[in-house]
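K.L.:
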Amino acid sequence: MDNYKSFSKNAKKILNSPICNNKMQTAHYTAMENLFCPETNKNGYISLGIAENVLSFDVMKDKLSVDPNFCQRLTQYSDMGGFKDCRESIAKLLQNHLFKYKPINSDLLVNYKQIILANGATPLLENIFNMFCDQNDVALIPSPMFPNFIPFAGQRFGVKIVDVKSEVYSNNNDNSQIIDFELNLEEFERQYQLHPVKMVVLCNPNNPTGYIFSKKQIKQLVDWCREKKIHLLSDEIYALSIFNRDFCSGKSDIGTREDNENNNNNDNDNDESAVSGGSDEMDGANNIIPTNEFSSIYDICKGDMGEYVHLVSSFSKDFGLNGFRAGYFYSQNQDVLRYLLSTSNYYSCSNIVQSALINIIEDKRYLCSFIKENQKRLTSSYNFATKTLDHFNIPYLKSSAGLFLTIDLRKCLNKLPELNNDFNNNNNNNNCPFKKEIQLWELLFDNRVIVNPGKLCYFNEPGFYRLIFTLSNEFVYNGIERISKVYNQLIS
């Protein structure tokens, strides 16, 4: 019997898609019902798979607890695309903290009219795919990539994602290592010749690797997109989550399970400029991937983004406000802005949230202090995670930004037992080179630790997993310890 016979074809397609019927997609919700607690539930699940930063909530809490701007307008409809004063605040955030290039031409300064505010980057991204692409058109995205780009583009509007491989390996043998990531224009051109390409999405800093692409390669990609008249969307959602080399002491207490949350007692520095940029080689990383200094697409274009270059971001990652649902889009293309304004009623940001954002951004001393302190804590947590991985002899790729790093468990894949037909049938893994990776993910899940398999992120080889480290040290330590028990038992 068709339980959905009254549903549309598209609704049936969504309900029958992997995102609704995949154990990996629902693992987080399973974990939330039985979450690890060191005092009351030591056998609960530890999820290192959701990109949330909880490190600086104590710094943000007081700012969110009381709204000095509360007034009647917050109970009424807001302007299309967001309150004017909230968009003006975001313009200041961009010009003072994200963009380093200071244009001589005042026309290139960020104007609030060039900013669209929404209830998160997710609905913005979906609407942008719909704006530039018809059904079966293609968006190119360098991989490894954020896996949810695929449903954002295709679930409702039928836009297809084609990944462009960016991994650079040391050699082609079984011991090959990822030594760099690059934007290969030859591969972009090849895919352009094969598909009806309408846009390119660049996530920089990259999710899932935390890699920062070089300014030179991004500029070449900008030039290529402009030549082809293809829209380039720069997703800079981790632009202020850059590891700060000033706080890379390399010191972490790894021999204990105690929660070393001494990050909360660090002094704040109220300089008028926030710390952002690339990092030097950091203690604890066991690979040779180079670091690049982060530059926004605005800086790379020297303020003149023109008709085909756009930026999207949100407050979820850099400010730890995932639940506030606040994202924004910046463009200098008036037609693009007009379209997004005309559809903004479908994804309006809450007035209460907009008021809170104004309260945060307009307090200059607080904003600078928060960004710097958050980067300091982010770097400390990264150091703790890498030292813990070193302690348990788990290889990983060095990261420069974001809330995550990539662990390399390829060595144990061939030690896994042979798969049975039930596993293949249940996971659609017949003849799939990544079936061992999924099998290992299942084994980790059975040991109550969750990470993201590289297959979802379109890694070129099986065996890489994304690990979130922006949780308490105790969560991170116990999660990595559980991974190590599986990994080291297999390779021993």
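Residue numbers (the numbering used here): -14 to 477. From the three backbone atoms N, C-alpha and C, an ideal C-beta is built for every residue, glycine too. The structure displayed is predicted, hence computed values, not measured ones.
Measuring CB atoms only, is the region 70 to 77 touching the region 465 to 476, in the sense that at least three cross pairs come out at less than 8 Å?
P.N.:
no
K.L.:
Rounded to a whole number of angstroms, what is the C-alpha to C-alpha distance between E172 and G387?
P.N.:
Between the alpha carbons of E172 and G387 lies a distance of about 26 Å.
K.L.:
Can you tell me whether D375 sits near the ligand COA, meaning its C-beta is under 7 Å from at least one heavy atom of the ligand?
P.N.:
No copy of the ligand COA appears in this structure; indeed no ligand is present at all.
K.L.:
Is it true that the region 97 to 114 meets the region 322 to 338, where meeting means three or more beta-carbon pairs spaced less than 8 Å apart?
P.N.:
yes
K.L.:
In angstroms with no decimal places, state the Cα-to-Cα distance between L168 and P127.
P.N.:
7 Å
K.L.:
Give the single residue among I222, N38, M116 whose Cα lies nearest to the Cα of R323.
P.N.:
M116
K.L.:
Should P193 be labelled buried (16 or more other beta-carbon atoms within 10 Å of its own) or exposed?
P.N.:
buried
K.L.:
Keeping to the same chain, check which residues put their C-beta closer than 6 Å to that of V338; ignore five residues upstream and five downstream.
P.N.:
Same-chain partners within the cutoff: F309, A311.
K.L.:
If you follow the beta strand (DSSP E) that Y391 is part of, which residue opens it and which one closes it?
P.N.:
Strictly speaking, residue 391 in this sequence is Thr, with Tyr absent from that position. Residues 389 to 393.
K.L.:
Please determine, among L0, F142, N344, the residue with the shortest C-alpha to C-alpha distance to D47.
P.N.:
N344
K.L.:
With distances taken from CA atoms, which of V436, E403, D431 is nearest K420?
P.N.:
E403
K.L.:
Please tell me whether D313 and A103 are closer than 8 Å, where the distance is taken between their beta carbons.
P.N.:
Contrary to the premise, residue 313 reads as Tyr rather than Asp in this sequence. Taking 8 Å as the Cβ cut-off, Y313 and A103 qualify as a contacting pair.
K.L.:
To the nearest whole angstrom, what separates the beta carbons of E37 and T455, a pair I think is in contact under 8 Å?
P.N.:
With a Cβ gap of about 7 Å, E37 and T455 count as contacting.
K.L.:
Could you give the distance in angstroms between the alpha-carbon of C353 and the alpha-carbon of K98?
P.N.:
Roughly 25 Å between the two C-alpha positions.
K.L.:
The beta strand (DSSP E) spanning H295 covers which residue range?
P.N.:
294 to 299
K.L.:
Under DSSP, the beta strand (DSSP E) around H216 begins and ends at which residues?
P.N.:
216 to 220
K.L.:
Closest to K361 by C-alpha separation, out of Y293, S91, N229, would be which residue?
P.N.:
N229
K.L.:
For H479, is the classification buried or exposed, using 16 other Cβ atoms within 10 angstroms of its Cβ as the cut-off for buried?
P.N.:
Absent from the structure is residue 479, since the part of the chain shown begins at -14 and ends at 477.
K.L.:
Just how far apart, CA to CA, sit R175 and S41?
P.N.:
44 Å
K.L.:
How about Y293 and K400: are their beta carbons less than 8 Å apart?
P.N.:
no
K.L.:
Please state whether the Cβ-Cβ distance between K183 and V123 is less than 8 Å.
P.N.:
yes
K.L.:
Assign V51 to one of two classes, buried (16 or more other C-beta atoms within 10 Å of its C-beta) or exposed (fewer than that).
P.N.:
It is exposed - the Cβ of V51 has fewer than 16 other Cβ atoms within 10 Å.
K.L.:
The alpha helix (DSSP H) that contains S354, what's its start and end?
P.N.:
Boundaries of the alpha helix (DSSP H) harbouring S354: 349 to 376, taken from the DSSP string.
K.L.:
Strictly by DSSP, which residues pair up with R451?
P.N.:
Paired residue(s): T391, N437.
K.L.:
Thinking C-alpha only, which one of L374, F300, S32, E358 is nearest I346?
P.N.:
Closest by alpha carbon: F300.
K.L.:
How would you label R350, buried or exposed, when you count the other beta carbons within 10 angstroms and need 16 or more for buried?
P.N.:
exposed
K.L.:
Roughly how many whole angstroms lie between the Cα atoms of Q178 and R211?
P.N.:
16 Å
K.L.:
To the nearest angstrom, how far is it from the Cα of I135 to the Cα of N463?
P.N.:
32 Å
K.L.:
Can you name the residues that DSSP bridges to S32?
P.N.:
S32 is bridged by DSSP to I435.
K.L.:
Run through DSSP, which three-state label would F279 get?
P.N.:
coil
K.L.:
Is DSSP giving I379 helix, strand or coil here?
P.N.:
coil
K.L.:
Express the C-alpha separation of V434 and I468 in angstroms, rounding to a whole number.
P.N.:
7 Å
K.L.:
In whole angstroms, what is the alpha-carbon distance linking T107 and P132?
P.N.:
12 Å
K.L.:
Roughly how many whole angstroms lie between the Cα atoms of K(-2) and N368?
P.N.:
Pairing K(-2) with N368, the inter-Cα distance amounts to about 43 Å.
K.L.:
Tell me the DSSP secondary structure of D252 in three-state form.
P.N.:
Because the pLDDT at D252 is just 39, under 50, the model does not fix this residue reliably, and the point stays unresolved.
K.L.:
When you compare the CB positions of V436 and L94, do they come within less than 8 Å of one another, or not?
P.N.:
no
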